[in-house]
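In our numbering, the protein residues as written are 11 to 551.
From the three backbone atoms N, C-alpha and C, an ideal C-beta is built for every residue, glycine too.
From a predicted model like this one, the values you see are computed outputs, not experimental measurements.
Here is the structure we will look at, set down as structure tokens.
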């Protein structure tokens, strides 16, 4: 293949596509910096806390609810067209919000503000989907490593923009909103040329769909349960690496793991510079081994409307919805928490100081959420392969962290200790999204993972809206209207503590649903092993 740019080798251009995808992902995570500018925006436009939460929730809906159609468009129309659409949507979302802030109260209705916030979320989803597909497609032998870069950038996007907000714009929220309108869109437009889907490199050799990702597993004797657990780990390794704290709202079908070469496990965890081996290096299966392998590797293939009658779907849907709803409530409202506590301690607190504290909380959440995703991805592999336990225990850890963080949010009245809430929530959110895509793929199959994950993320949109609405109503009930029309709550912790108590009890419920998931997975494993014991002798004969 001739390089698209003269004097640049095909291999170098392949790496350039990943760099471009990383920059696009960095520009796509602006939705999660909302709490860094939302309180000032609400003050300027004389919005209630409920209105502000509706606007923030609309952005979340834009990120999560359009995963299925965006994924389909990416698969059928290509990445560059979708990336350009994402850039336009981001600009068309943030620029009217910037104009509304500059014009002041009454310049734009809440309905239109919600629409433009939704549009910015759609733009983030579209651009990120294009970035992920580019990285996954262009490095089929190293998909886990290649996609890790844009995933990391998306997760750290809130940290970058909140830092810029604190250092460069200080009290100028209008200029910061203008940056959000122009900066991400320009980055995406500049990088769009490099978001090209390239043919597989010469070293890549695809094998048939019936073949198992780690052929060596069947060349040594292991208990049937261990073989099943290893199959879960290896077949889901790439998918697990695609999740993000914030986010990962859309995973196009192109990033579903292709059947990998025999050394797939090493490739997924090695550097992109690693040397790959050809398929012929690993030998071949006997006819009996192939039959046995096919029986063991066969998994469920449930998708679309077929999900609705299955108890596992509703259990996973509710579990993800409650957990993400709790997390999104904190993400979108940590800025309000900061204002309520500091204004209670010091009614004359400087607005610049409040903006710095808000940006600090957003940055802490972003960094620790990314750390949680990494720990969850590594930890879930260890739990499955070494301890022979369920990945659901990682989700249970996230449930415990959510309980701790939300209880802290309901009890911490000293603003200096509020970082505990944002950091623990970020860790829980990262741990949850670090493992959940693998759980979904294991429950319903890899073939339909793209659309199944899109359906699952609808839970985040629905429950995120519910929890944000609850917070807004509670905050407004303790607020008073100032002479200039602005709303302010100076009661400190009492402004919102009830919302965190609701989230705390909801987290307990999600912990119960996680234990139900452990039971259901054990039941499915038992049934699958019984089926394998019946089928393998017949295949061998």
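Note that the region 164-172 does not touch the region 49-66; fewer than 3 beta-carbon pairs, one per stretch, sit closer than 8 Å. For residue 415, the enclosing alpha helix (DSSP H) stretches over residues 402-421. In this structure, residue 130 and residue 178 do not form a Cβ contact; the two beta carbons are roughly 20 Å apart against a cut-off of 8 Å.
If you draw a straight line from the Cα of residue 327 to the Cα of residue 493, it comes to about 45 Å.
Checking the DSSP bridge columns, you'll see residue 490 partnered with 498. Annotation: the region 23-90 contains the following complete segments of the alpha helix (DSSP H) (minimum length 4 residues), in chain order: 44-55, 59-74 and 77-87. Assignment of residue 149 by DSSP, reduced to helix, strand and coil, places it in the coil class.
Per DSSP, reduced to three states, the secondary structure at residue 482 is helical. Annotation for residue 344: the continuous alpha helix (DSSP H) segment containing it runs 321-355. It is roughly 25 Å from the alpha-carbon of residue 356 to the alpha-carbon of residue 375. For residue 452, the enclosing alpha helix (DSSP H) begins and ends at 429-454.
Taken through DSSP and simplified to helix, strand or coil, residue 96 comes out as helix.
Cβ neighbours of residue 429 within its own chain (closer than 8 Å, five residues either side excluded): 370, 371 and 374.
Of the candidates 345, 379 and 377, the residue whose Cα lies closest to the Cα of residue 363 is 345.
In the structure shown, residue 398 falls within a coil segment according to DSSP collapsed to helix, strand and coil.
If you ignore the 5 residues before and after residue 194, its C-beta comes within less than 6 Å of the C-beta of 37, 40 and 100, all in its own chain and listed in chain order. Just so you know, the alpha carbons of residue 128 and residue 88 end up roughly 23 Å apart.
Straight-line spacing of the CA atoms in residue 183 and residue 79 works out to 33 Å. Residue 461 is classed as buried because its beta carbon has at least 16 other beta carbons within 10 Å across all chains shown. At a Cβ-Cβ threshold of 8 Å, residue 47 and residue 164 do not count as neighbours. In the assembly as shown, residue 490 is an exposed residue. Its beta-carbon has fewer than 16 other beta-carbons within 10 Å. Taking residue 451 as reference, the option from 32, 323, 503 and 481 with the minimal CA-CA separation is 323. If you look at residue 191, you'll find it in the alpha helix (DSSP H) that goes 183-202. Ranked by how close their Cα comes to the Cα of residue 121, the residues 73, 136 and 65 have 65 in first place. Non-local beta-carbon contacts of residue 366 in its own chain, meaning distances under 7 Å to residues more than five positions away in sequence, involve 176 in chain order. Burial state of residue 114 is exposed, judged by a 10 Å Cβ sphere holding fewer than 16 other Cβ atoms.
With contact defined as three or more Cβ pairs closer than 8 Å, the region 191-209 and the region 137-144 are in contact. When C-alpha distances from residue 473 are compared across 135, 94, 340 and 106, the shortest belongs to 340.
Taking a C-beta distance under 8 Å as the contact criterion, residue 524 and residue 402 qualify as a contact pair. With respect to the 8 Å criterion, residue 404 and residue 386 are classified as neighbours on the basis of their beta carbons. For the pair residue 135 and residue 68, the CB atoms are not nearer than the 8 Å cut-off. When the beta-carbon positions are compared, residue 97 and residue 137 come within less than 8 Å of each other. In the structure shown, residue 117 adopts coil according to DSSP, grouped into three states. Taking the CA atoms as reference points, residue 426 sits about 31 Å from residue 108. Residue burial annotation: residue 22 is exposed, with fewer than 16 other C-beta atoms found within 10 angstroms of its C-beta.
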